[in-house]
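Some notes on the structure that comes next.
Protein chains: 2
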Amino acid sequence: MIGTPGTAQPADLADVRTTNLAVVLRHVRHHTPCSRADIAAATGLNKATVSSLVADLLERGLLRETGMAENRIGRPAAMLTLHGRPYAAVGIQVAADHLAAVAIDLAGERLLSWRRAFPGLAATGGRAEAAVAALAGRVAAKLTAQERRILGLTVAVPGAVTGTGGVRFAPHLGWSDLDLRPALMRTLRHPPYDVVVDNDANLAALAEHRSGPHAGTPDLVALIGGVGVSAGIVAGGRLVRGDRGLSGQVGHLQLDPSGPLCRCGRRGCLEAYAGLPALVRTALPDTEADGPITDYAPEIDRMAALAAGDATVSGALAEAGRRIGHAVSVLADLLDPRVVVLGGAFTPLAPWLLPAVEAEVKARATAPEQTGRIVVSTLDPGAVAAGGAALALDRLEAGHLPGCD
Amino acid sequence: MIGTPGTAQPADLADVRTTNLAVVLRHVRHHTPCSRADIAAATGLNKATVSSLVADLLERGLLRETGMAENRIGRPAAMLTLHGRPYAAVGIQVAADHLAAVAIDLAGERLLSWRRAFPGLAATGGRAEAAVAALAGRVAAKLTAQERRILGLTVAVPGAVTGTGGVRFAPHLGWSDLDLRPALMRTLRHPPYDVVVDNDANLAALAEHRSGPHAGTPDLVALIGGVGVSAGIVAGGRLVRGDRGLSGQVGHLQLDPSGPLCRCGRRGCLEAYAGLPALVRTALPDTEADGPITDYAPEIDRMAALAAGDATVSGALAEAGRRIGHAVSVLADLLDPRVVVLGGAFTPLAPWLLPAVEAEVKARATAPEQTGRIVVSTLDPGAVAAGGAALALDRLEAGHLPGCD
């Protein structure tokens, strides 16, 4: 078989071997444990080729043998599984009010999950980079002490990221045109693993697409609450990044030109109703007197704790839910996703947001059954960082294999 | 090489030959004329395989030899080109006020381009199907009289289309849950060619992506004016269809909740400002007295003719342009396309719409250079029908080859 539809050039032989190594690795991930004969039967590769590929993956420490199969006809076969020990992938989420770090092994099992308060807007570019790099360094030291080798680090940023890992703008961090990846590479002293910077909503969408309850859904939107609001879009099974990586900017979708003033200078943007500063201002009007908020986690907890009995809080959340529903109906009309997943800060507040979201979407539908399901993320708060770590595994499965030791 | 990233199953041998036939056909399309040796060099297939594949394509009448190459070192080689004569692909656009039919040959050259007035909303489902089938039948008869064989017919509908060619709803035609493809198959007496029903904005986007001045742009949105307004979205080089084929519904994007009443019952939708009924109502307020409009083409011509000197017309178009600009900024924020192409009824009115569109998009950008270019389609009014015809060629290049005569 030469090439694939849309390409007229066949791959060269080195590419073929890389592709086949990745096919075998992917097969073992999804069908662990399995034998060399299972792999040959499922992939159509001949047994000699499979043996050679498996030997390579064993040598790289990506697979290991787990003993012999039982209940099989014929000669007992050595069973293969992913090698959980020696590798790790790391994701770090930079949010406006905190940093989160997650490390996973090859099978996606979580090795560590840390959270640190982080004065995003208050920190200048240099100090913010240093804080991210310091956290990455501590994670790396911990994993290295466990004799793990790091496959890759992905940093998730709430903003527009260029293909070379620069941050074009991240208003909630006060960043613009920041060469984050090169800066991290310098601070981490040019580590032997890949460092990648990506958008946080994209990574949230990838995390849902990879390991949420609706994993594998080809058309899925993750709508992520926080200081800002943004969307990660999966269409036809692939992330929609846009021409310059700027897709999913839903925070300044103007819902009502006569609505409340937004930080951007216009009125009635989604963030002016459903961003955390707006939510806290309307739900907890006494809070501002205590001075500026640097970490929203306690305020989210307070809203969740009060909502059942406090009409101001529940009313503010229902109003935010209606506005989120309006935005979901726009996303649904334009993209027709099967599932819209509410995540980030929307998750702990979902019991009070979701009924209003659903009612508004239903009221706005211009045709029956026009909108897919709206669900609340069941992934934990480290999901974006974990999605970043998973991206390093995706690169592995796409053929970016580590060398032999 | 086995499989492609994302699939663990290699293709079987019949698939390999089909794929390779399509690769050769695609190479000749893009590098005509070329020799068998050129094809072998470019695709990596060996010369014996290329000779066998070319023989097959010559026998099917898809390629022909055009004589010997000059200015070549070594033995003169027979040059191959697409066989323009015996095949044709047909596209029919069903609009609210007209039907358009286009037929093209293998090289994409237009064989015929027809337009008929069509009382879309006034026709009941059965009569509308009959009108579409009658036009298809006349096109087929004309092509058959030229001794051409029809490869496929694509029907473009302004509405939501299911995977099996049913129309879920097409409000501007008054259609809902209409099994259009089966009905057309019956009326056309189960023709030997494929009949496919698709959304008109999707086909417009494919036409721009295939043959517009920005052909090949991976992230492109076609915003199509008419009685309704809809968008065709190409992201990462692929059409975004959504889960149920309902993507691109931008007509009822609510721009201002206190705006003019829309046909859908809400206020301030894009269509209530920039759909043809709204445009005619504001630009040509005397027109309604003449009775209901069944074909908007004369009114579009009148607006274009009057706009230079008539402040009511130019003011109405500028206001519509501002609202279109608002919608474009939403599309840009969510999808980050490199190019937004204004097409359909927006094309002839573009000189008066575009300045307002651009000013509004610029005013709404929340970051510098946030929005891709906004351009006016240079494709002719038959472009959607031609896009439908081109889809039949795409199916050919994807390996759906006609049999030998």
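Protein chains in written order, with the UniProt record's numbering: chain W, 1 to 405; chain X, 1 to 405. All residues carry an ideal CB built from backbone N, CA and C; glycine is no exception.
For residue 67 of chain X, the uninterrupted beta strand (DSSP E) run begins and ends at 63-68, by DSSP. Within the segment 332-346 of chain X, those residues whose Cβ lies closer than 7 Å to any Cβ of chain W are, in chain order, 333, 334, 335, 336, 337, 338. Unbroken alpha helix (DSSP H) stretches of 4 residues or longer found wholly inside the segment 237-297 of chain W: 270-274, 276-283, given in chain order.
In terms of CA proximity to residue 159 of chain X, X:170 leads the group X:170, X:153, X:151. The residue among W:377, W:246, W:78, W:322 with its C-alpha nearest the C-alpha of residue 36 of chain W is W:78. With respect to chain W, the C-beta atom of residue 247 of chain X has a partner C-beta closer than 8 Å. Three or more Cβ pairs closer than 8 Å define a contact, and the segment 275-294 of chain X falls short of that threshold against the segment 82-91 of chain X. Taking 3 residues as the minimum length, the beta strand (DSSP E) runs contained wholly in the segment 102-144 of chain X are 110-117, in order along the chain. Taking C-beta separations shorter than 7 Å and ignoring five residues to either side along the sequence, the partners of residue 83 of chain W in its chain run 61, 62, 63, 64, 106, following chain order. Cβ proximity to chain W below 9 Å picks out 160, 168, 169, 171, 176 from the segment 155-187 of chain X. Proximity of residue 244 of chain W to chain X, defined by a Cβ-Cβ separation below 8 Å, is satisfied. Interface annotation for the segment 185-213 of chain W against chain X: empty, criterion Cβ-Cβ distance under 9 Å. For residue 253 of chain X, the nearest beta carbon of chain W is closer than 8 Å to its own beta carbon. The DSSP-derived three-state label of residue 18 of chain W is helix. For residue 373 of chain X, no alpha helix (DSSP H) segment is defined; the enclosing uninterrupted segment is the beta strand (DSSP E) at 373-376. In this chain, the beta strand (DSSP E) harbouring residue 231 of chain X covers 229-235. The beta carbon of residue 341 of chain X sits closer than 6 Å to the beta carbons of 208, 222, 375, 377 from its chain, once the five residues preceding and following it are set aside; these are given in chain order. Under the Cβ criterion (8 Å, minimum of three pairs), the segment 349-368 of chain W does not count as touching the segment 44-62 of chain W.
Look at residue 373 of chain X: its C-beta is not under 8 Å from any C-beta on chain W. The DSSP-derived three-state label of residue 60 of chain X is coil. Under a 10 Å Cβ-count criterion, residue 260 of chain W is classified as exposed, with fewer than 16 other Cβ atoms of the shown protein chains found around its own Cβ. Counting along the chain, the unbroken beta strand (DSSP E) around residue 81 of chain W starts and ends at 78-82. Within the DSSP bridge table, the entry for residue 35 of chain X names X:79 as partners. For residue 169 of chain X, the beta-bridge partners assigned by DSSP are X:160, X:176. The beta-carbon of residue 238 of chain X is placed less than 8 Å from the nearest beta-carbon of chain W.
Secondary structure of residue 187 of chain X (DSSP, three-state): helix. Within a 10 Å sphere around the beta-carbon of residue 147 of chain W sit fewer than 16 other beta-carbons, which makes this residue exposed.
A contact between stretches requires three or more CB pairs, one per stretch, nearer than 8 Å, and the segment 231-238 of chain W meets this requirement with the segment 226-244 of chain X. Out of W:104, W:109, W:128, the CA that lies nearest to the CA of residue 98 of chain W is found in W:128. With a minimum length of 3 residues, the unbroken runs of beta strand (DSSP E) contained wholly in the segment 287-355 of chain X fall at 339-344. Nearest CB-CB separation between residue 219 of chain X and chain W: below the 8 Å threshold. Between residue 256 of chain W and chain X, the shortest Cβ-Cβ separation is below 8 Å. Judged by pairs of C-beta atoms under 8 Å, the segment 132-152 of chain W touches the segment 386-404 of chain W, as three or more such pairs exist. For the 8 Å CB-CB criterion, residue 245 of chain X and residue 162 of chain X form a contact.
Looking at the backbone, the Cα of residue 199 of chain X and that of residue 345 of chain X are separated by about 17 Å.
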